[in-house]
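Heads up: the structure comes next, in structure tokens.
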């Protein structure tokens, strides 16, 4: 299975006449894109704004972030089941605009804050301060409730992603990354390499607290197998609004999943990447125990994994699923490594003696406060944690998008010394 | 919190669906609840049925309060 990831470097973004990509500069027809997004009847308005690295600008009330990508050849489409068809996008070529992201914002009850500063000390903590942002500023149509509005907003972000990436369709890429992964059961001649799988835990609780898999709500799923190429083509989309920003795996993180990209890079040299399992975090203990047992079973008896890397889908109770899956995998003889957001000084509510290899991707449980400076411009709203979003203020680390990141997208990590 | 209340001399029942977490933390009387978003209720049931279920859970909690315990013990409705 061969997937080509064709990257296009974006050095600047501006609004202008026709949407086009010319000499690394992306021009966006604001009216055309806005009209396209407003075809969704659940949305009553859609303003667009741009933010650039180094600007004295703060983006608040973020709901999700993704990059701009479109599948240009081979079966299947990008973001299957959400804005693309249901055929599996495993082979072919996907165009990705690098240096750019689409950020959705919303003011709605029950949301936890997610912030990106484009300059200053807080900006150094988030990977998103280095990207040009197209920010979506929507409002719901009359009478549309919180949940359908949230879902409409997610789809609008994905549509904008595809719309922007289409500008690259006929152009030669700046960089090409090729992933060639076998079908798990096929002999490949590299039989001596350790067989490693990836276990991707995804949040699955209730409306606006769950991801989408092929457009289906994670709440309804059991652990299932995914070809890693499907993930890179948007099979998993973030739909979580009420998790702290430092524990919210945004869509950008799924389609650029650092664990998957590293396993692809090392496939065939020092390991064999045999595939990935997506496992939900259901709301009862019985379902958690079943999910852990099924995930371990798929890893051992279907993928034939000897080692597994696990990531978390959020905070709190999800550590129970994380640890139970580790125990079941280790019982079946699979060496298990966990990526976690706890450091040595912040005990988890649930642990296992089997969990003896944990990589901390930043301690989000610690009460760390940041000094956020005043900004000239705020996008996405006017308030931040009850104050004026433009003013200098103390801000908890947990509010900064991906300042710590469960998939490893962030810039900080904890080390023991 | 359950441990602190007991330390202060107040018999306490912790109703939670994550009974394994309660055991690990060391709560003494643990009563199995329904689910994380709704530990004592079940929006999937008809209102009259749910009311009965809530009542059974509460009565079991009150019973558990009267049981002397020295270490974490798991209670459930009907057991």
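Protein chains in written order, with this note's numbering: chain A, 54 to 470; chain B, 1362 to 1440.
Beta carbons: idealized from backbone N, C-alpha and C, even for Gly.
Quick caveat, the model's predicted, so the values are computed rather than measured.
Relative to residue 1378/B, the option among 1368/B, 1400/B and 1364/B whose CA is nearest is 1400/B. Residue state for residue 186/A is assigned as strand, using DSSP reduced to three classes.
With a minimum length of 4 residues, there is no unbroken run of alpha helix (DSSP H) contained wholly in the region 200-261 of chain A. For residue 1379/B, the closest Cβ of chain A is nearer than 8 Å. Apart from sequence neighbours up to five positions away, the residues of its chain that approach residue 276/A with a beta-carbon distance below 8 Å are 330, 331, 332, 333, 344, 347, 348 and 351, ordered along the chain. Listed along chain A, the residues sitting closer than 9 Å to residue 1386/B by beta-carbon distance are 402 and 403. For the pair residue 178/A and residue 362/A, the CB atoms are not nearer than the 8 Å cut-off. Beta bridge pairing from DSSP links residue 161/A with no other residue. For residue 388/A, the enclosing beta strand (DSSP E) starts and ends at 388-393. Fully enclosed alpha helix (DSSP H) runs of no fewer than 4 residues occupy 281-285, 304-308, 311-319 and 338-350 of the region 272-357 of chain A, in order along the chain. Here the C-alpha atom of residue 77/A lies approximately 46 Å from the C-alpha atom of residue 336/A. Of 166/A, 176/A, 122/A and 133/A, the smallest CA-CA separation from residue 150/A is found for 122/A. For residue 458/A, no alpha helix (DSSP H) segment is defined, and its DSSP state is neither H nor E. Taking a 10 Å sphere around the C-beta of residue 412/A, we find fewer than 16 other C-beta atoms and assign the residue as exposed. By the 16-neighbour rule on beta-carbons within 10 angstroms, residue 354/A is exposed. The shortest C-alpha to C-alpha distance from residue 359/A to any of 389/A, 380/A, 379/A and 144/A is the one to 389/A.
If you ignore the 5 residues before and after residue 1422/B, its C-beta comes within less than 7 Å of the C-beta of 1374, 1376 and 1392, all in its own chain and listed in chain order. Residue-level contact check: residue 259/A touches chain B, since one or more beta carbons of chain B fall below 8 Å from its beta carbon. Closer than 8 Å to the CB of residue 1433/B there is not a single CB belonging to chain A. For residue 338/A, at least one C-beta of chain B is nearer than 8 Å to its own C-beta.
Interface annotation, residue 1396/B: in contact with chain A, CB-CB separation under 8 Å.
In the structure shown, residue 1403/B adopts coil according to DSSP, grouped into three states.
Judged by DSSP in its simplified three-state form, residue 167/A adopts coil rather than helix or strand. Neighbours of residue 1410/B in chain A, taken as residues whose beta carbon is under 7 Å from its own, are absent, since the nearest beta carbon is some 18 Å off.
In terms of Cα proximity to residue 340/A, the closest of 158/A, 401/A and 257/A is 257/A.
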